[in-house]
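In our numbering, the protein residues as written are 2 to 323.
For glycine and all other residues, C-beta sits at the position ideal for the given N, C-alpha and C.
Here's the structure, in structure tokens; my notes come after.
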């Protein structure tokens with residue numbers, strides 16, 4: 002009888018524990034990726050967000066969605082997917098929303114949640130969040146600032162003049178980014194935004210002949226961009242005549258010098274801000290930040306072709322690519 006009582010008591014304690022666990026409400030975090038899985042930038046952000054949240058002792062229910070708006074860059078699609086995500090957010094009822102990159106802010110947050118009480122933490126916004134003039138008060142995040150002035154300073158002594166060009170795809174983020182570069186540099190940039198691979202090649206040749214330094218973005222919104230990258234590497238090696246620069250590791254083989262932003266820095270910052278909010282801190286006390294880290298890549302094939310010899314201190318801190 003005593004043994005039965007002990008078993009009964011043990012079971013009672015077990016089920017009481019299970020019931021108590023169920024009573025602990027999980028905090029809900031909704032993550033909007035503007036782009037898609039398989040894109041190194043998005044993958045780095047999401048991985049670091051998840052890792053940081055999982056290390057916390059706060060019980061969290063995490064839901065993520067992809068807009069896939071780099072590969073689907075037309076307005077009707079972006080508006081349709083934004084409406085779908087809006088409905089998902091309303092059904093999920095998150096405690097915090099995280100967004101990465103511009104389109105999540107422009108198409109989901111700005112039209113549907115600018116007057117919401119849900120705290121919003123962004124990352125990967127190109128340039129400055131101030132370009133969205135009607136955002137709610139309950140927002141903070143990390144802006145993505147490319148080290149363009151530093152790139153220009155590193156390359157200008159190898160250039161024949163001071164004309165700066167830029168080439169990227171025709172996406173909203175790319176256009177906003179090149180506009181911000183002009184603000185950073187306080188000067189005109191000769192900007193080209195391609196919609197096809199052939200158009201990209203045409204603009205590349207044009208800018209090689211009509212500017213002195215070229216800033217090259219990741220044109221991932223172009224159809225078949227990834228499939229054509231190897232052929233485009235050969236094209237670039239043949240056509241490059243001026244110093245070229247990038248801020249995205251995926252095009253480090255296309256340019257002489259890359260100062261690549263770190264996606265994990267963006268994701269960790271966003272996740273830590275979310276944890277502070279979930280612990281009760283007012284979002285107003287979390288100021289907007291900018292990224293500070295970059296990895297340096299030097300393309301030895303292109304620098305040799307242009308007879309560029311970088312200082313030893315730059316080479317010592319760089320990864321050499323061919």
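field: residue 26 classed as buried or exposed, judged by whether at least 16 other C-beta atoms fall within 10 angstroms
entry: In the chain shown, the residue the question calls residue 26 occupies position 25. Classification for residue 26: exposed.
- prompt: To the nearest whole angstrom, what separates the beta carbons of residue 290 and residue 143, a pair I think is in contact under 8 Å?
  reply: For this step, residue 290 is matched to residue 289 along the chain shown. For this step, residue 143 is matched to residue 142 along the chain shown. With a Cβ gap of about 5 Å, residue 290 and residue 143 count as contacting.
query: Name the DSSP beta bridge partners of residue 142, please?
result: Here residue 142 is taken as the residue at index 141 of the chain shown, counted from 1. The partner list for residue 142 (beta bridge, DSSP) reads 123.
query: Just checking, does the stretch 120-135 make contact with the stretch 263-270 on the three C-beta pairs under 8 Å criterion?
result: yes
- request: Could you name the residues that DSSP lists as bridge partners for residue 65?
  value: What you label residue 65 is simply residue 64 of the chain shown in a count that begins at 1. In the DSSP output, where bridge partners are listed per residue, residue 65 has 32.
- prompt: Quick one: Cα of residue 161 to Cα of residue 274, how far?
  reply: By one-based count along the chain shown, residue 161 stands at place 160. By one-based count along the chain shown, residue 274 stands at place 273. Whole-angstrom Cα-Cα distance: 45 Å.
- request: Note down the Cα distance separating residue 108 from residue 140, rounded to an integer number of angstroms.
  value: Position 107 of the chain shown, counted from the first residue, corresponds to residue 108. Position 139 of the chain shown, counted from the first residue, corresponds to residue 140. The straight-line gap from Cα to Cα measures roughly 16 Å.
- prompt: Would you say residue 94 and residue 59 are within 9 Å of each other, going by their C-beta atoms?
  reply: Position 93 of the chain shown, counted from the start, is the residue given in the question as residue 94. Position 58 of the chain shown, counted from the start, is the residue given in the question as residue 59. In this structure, residue 59 does not lie closer than 9 Å to residue 94 by Cβ.
task: Inspect the CB distances between the stretch 169-183 and the stretch 207-224 and report whether three or more fall short of 8 Å.
output: yes
query: Which residues in the same chain have their Cβ closer than 6 Å to the Cβ of residue 250, if we skip the five residues on either side of it in sequence?
result: The residue labelled residue 250 in the question sits at position 249 within the chain shown. So the list reads 261, once near-sequence residues are dropped.
query: What are the start and end residues of the beta strand (DSSP E) that includes residue 97?
result: For the purposes of this step, residue 97 is identified with residue 96 of the chain shown, where counting begins at 1. Taken as a continuous stretch (DSSP letters only), the beta strand (DSSP E) holding residue 97 covers 97-101.
- request: Buried or exposed for residue 45, please, with buried defined as at least 16 other CB atoms from any protein chain shown within 10 angstroms of its CB.
  value: Sequence index remark: in the chain shown, residue 45 carries index 44 (1-based). It counts as buried.
- request: Kindly confirm or deny that the stretch 146-159 and the stretch 195-202 touch, where touching means at least three C-beta pairs closer than 8 Å.
  value: no
For residue 282 and residue 113, the rounded distance between their alpha carbons: As a first step, residue 113 must be located in the chain shown, where it is residue number 112. As a first step, residue 282 must be located in the chain shown, where it is residue number 281. Approximately 24 Å between the Cα atoms of the pair.
query: If you check the beta carbons only, do residue 66 and residue 89 fall under 9 Å apart?
result: Stepping through the chain shown from its first residue, residue 66 is reached at position 65. Stepping through the chain shown from its first residue, residue 89 is reached at position 88. Yes, the Cβ-Cβ distance between residue 66 and residue 89 is below 9 Å.
message: Rounding to the nearest angstrom, what Cα-Cα distance links residue 305 and residue 98 in this structure?
response: Counting from 1 along the chain shown, the entry for residue 305 is found at position 304. Counting from 1 along the chain shown, the entry for residue 98 is found at position 97. So the alpha carbons of these two residues sit roughly 47 Å apart.
message: Here's a check: name, in chain order, each residue in its chain whose Cβ is nearer than 6 Å to the Cβ of residue 43, leaving out the five neighbours to either side.
response: As a first step, residue 43 is located in the chain shown; it is residue number 42 there, counting from the start. Cβ within range, chain order: 34, 36.
message: DSSP three-state label for residue 228, please.
response: Here residue 228 is taken as the residue at index 227 of the chain shown, counted from 1. In this structure, residue 228 counts as helix in the three-state DSSP scheme.
message: Between which two residues does the beta strand (DSSP E) holding residue 263 run?
response: If you number the chain shown from 1, residue 263 lands on position 262. Note, residue 263: premise wrong, no beta strand (DSSP E); not H, not E.
- request: Pick helix, strand or coil for residue 40, following the three-state DSSP scheme.
  value: Here residue 40 is taken as the residue at index 39 of the chain shown, counted from 1. Reduced to three states, the DSSP call for residue 40 is coil.
field: Per DSSP, the bridge partner or partners of residue 297
entry: Looking up residue 297 in the chain shown gives position 296. Note: residue 297 sits in a beta bridge opposite 260, 319.
message: Based on DSSP bridge pairs, tell me the residues matched to residue 165.
response: Looking up residue 165 in the chain shown gives position 164. Residue 165 is bridged to 214.
query: Where residue 323 and residue 206 are concerned, what is the direct C-alpha to C-alpha distance, given to the nearest angstrom?
result: Locating residue 323 in the chain shown gives position 322, counting from the first residue. Locating residue 206 in the chain shown gives position 205, counting from the first residue. Roughly 21 Å between the two C-alpha positions.
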